[in-house]
Amino acid sequence: ETGVTQSPTHLIKTRGQQVTLRCSSQSGHNTVSWYQQALGQGPQFIFQYYREEENGRGNFPPRFSGLQFPNYSSELNVNALELDDSALYLCASSPGLSGGSSYNEQFFGPGTRLTVL
Amino acid sequence: AQSVTQPDIHITVSEGASLELRCNYSYGATPYLFWYVQSPGQGLQLLLKYFSGDTLVQGIKGFEAEFKRSQSSFNLRKPSVHWSDAAEYFCAVAGGSQGNLIFGKGTKLSVKP
Numbered sequence: 359e360t361g362v363t364q365s366p367t368h369l370i371k372t373r374g375q376q377v378t379l380r381c382s383s384q385s386g387h388n389t390v391s392w393y394q395q396a397l398g399q400g401p402q403f404i405f406q407y408y409r410e411e412e413n414g415r416g417n418f419p420p421r422f423s424g425l426q427f428p429n430y431s432s433e434l435n436v437n438a439l440e441l442d443d444s445a446l447y448l449c450a451s452s453p454g455l456s457g458g459s460s461y462n463e464q465f466f467g468p469g470t471r472l473t474v475l
Numbered sequence: 475a476q477s478v479t480q481p482d483i484h485i486t487v488s489e490g491a492s493l494e495l496r497c498n499y500s501y502g503a504t505p506y507l508f509w510y511v512q513s514p515g516q517g518l519q520l521l522l523k524y525f526s527g528d529t530l531v532q533g534i535k536g537f538e539a540e541f542k543r544s545q546s547s548f549n550l551r552k553p554s555v556h557w558s559d560a561a562e563y564f565c566a567v568a569g570g571s572q573g574n575l576i577f578g579k580g581t582k583l584s585v586k587p
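If you're matching them up, the sequences are chains Z and G in order.
Counting from 1 along the first sequence, just add 358 to a position and that's the residue number in our numbering.
Counting from 1 along the second sequence, just add 474 to a position and that's the residue number in our numbering.
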């Protein structure tokens, strides 16, 4: 069974550019969540995708957007990059939605390190 | 609002000594609680989780955690630390309608030989 994979591993961009990060979910998982981890901080929730639809969003501006494909892989797109976007971006997949009295464990990928100069 | 507090930014312990990492949470309902470990340049690995039932939870690598509702705490413990335990440790609660994880800022563990 293949775990969650992310590409690229590292990326360097300049301010104002756009970036696309990719995530392949674990086999059998239909839900993908994205997190941003700034240096010295814990991960912060960006958004979640379930069956190709956005299913919730954290406190991030609209220039952070995403997609989920029929095979449940996902992309995170960030437009108009700012210096503060420099961070480790983590993708996590789970076998379904969570909420109320149920919780589906999230499995994390190794992350993409984005540096904005 | 839901939140997680890890009061200790950095802890240093000697190899073989016991360890306790503190975590306090703020959550209205019965929480789902987690401890993750992150080695440098790596993603997050789940150490253990608490959903319900026995308040003392066993995890991987010899770690355990105790849920104390009265103190809103979920402290991580290990009786004897190994040099390979040096890493950053994150406590998290599952919150929000999506069950997204809310993380603390982490505690960096250093291990002295």
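The beta-carbon is built from N, C-alpha and C at its ideal position, and this holds for glycine as well.
Exercise. Going along the segment 396–415 of chain Z in order, which residues come within less than 8 angstroms of chain G, judged by CB to CB distance?
Worked result: Gly-398, Gln-399, Gly-400, Pro-401, Gln-402, Phe-403, Gln-406, Asn-413 and Gly-414
Exercise. Which residue comes first and which comes last in the beta strand (DSSP E) that contains Ala-539 (chain G)?
Worked result: 538–542
Exercise. Of all the residues that make up the segment 418–447 of chain Z, which are near chain G by a beta-carbon distance shorter than 7 angstroms?
Worked result: none
Exercise. Can you list, in chain order, the residues of its chain whose CB lies under 7 angstroms from that of Gly-580 (chain G), leaving out five sequence neighbours each side?
Worked result: Gln-480, Glu-562, Tyr-563 and Phe-564
Exercise. Along chain G, in chain order, which residues have C-beta atoms closer than 7 angstroms to that of Gly-469 (chain Z)?
Worked result: Gly-517
Exercise. Between Phe-422 (chain Z) and Gly-533 (chain G), what straight-line distance do the alpha-carbon atoms span, to the nearest angstrom?
Worked result: 35 angstroms
Exercise. Which residue comes first and which comes last in the beta strand (DSSP E) that contains Cys-565 (chain G)?
Worked result: 561–569
For this session: Within 10 angstroms of the Cβ of Leu-379 (chain Z), are there 16 or more other Cβ atoms? Answer buried if so, exposed if not.
Result: buried
Exercise. Anyone know if the C-beta pair for Gln-567 (chain G) and Gln-476 (chain G) falls short of 7 angstroms?
Worked result: It should be pointed out that residue 567 (chain G) corresponds to Val in this sequence rather than to Gln. Yes, they are a contact pair.
Exercise. Hey, is Asn-574 (chain G)'s beta-carbon within less than 7 angstroms of any beta-carbon in chain Z?
Worked result: yes
Exercise. Do three or more CB pairs link the segment 365–372 of chain Z to the segment 427–435 of chain Z at distances below 8 angstroms?
Worked result: no
For this session: Counting only runs of 3+ residues fully inside the segment 477–502 of chain G, write out the beta strand (DSSP E) ranges in chain order.
Result: 477–479, 484–488, 493–495 and 498–500
For this session: Can you pull the chain C residues whose beta carbon is under 7 angstroms from the beta carbon of Lys-579 (chain G), in chain order?
Result: The displayed structure is made up of protein chains Z and G, and chain C is not among them.
Exercise. What separation, rounded to the nearest whole angstrom, lies between the Cα atoms of Gln-512 (chain G) and Gly-374 (chain Z)?
Worked result: 30 angstroms
Exercise. Hey, out of G:Asn-574, G:His-556, G:Leu-583 and G:Ser-547, whose CA is closest to Gly-490 (chain G)'s CA?
Worked result: G:His-556
Exercise. Within 6 angstroms: the Cβ of Ser-431 (chain Z) and any heavy atom of the ligand PLP?
Worked result: This structure does not include the ligand PLP; it has no bound ligands of any sort.
For this session: May I ask you to list, following chain order, the residues of the segment 363–395 of chain Z that have a beta carbon less than 7 angstroms from some beta carbon of chain G?
Result: Ser-391
Exercise. Where Pro-468 (chain Z) and Arg-415 (chain Z) are concerned, what is the direct C-alpha to C-alpha distance, given to the nearest angstrom?
Worked result: 21 angstroms
Exercise. Which residues in chain Z sit within 7 angstroms of Tyr-506 (chain G), going by Cβ to Cβ distance?
Worked result: Tyr-461
For this session: Pull up the DSSP beta-bridge partners for His-368 (chain Z), would you.
Result: Z:Arg-471
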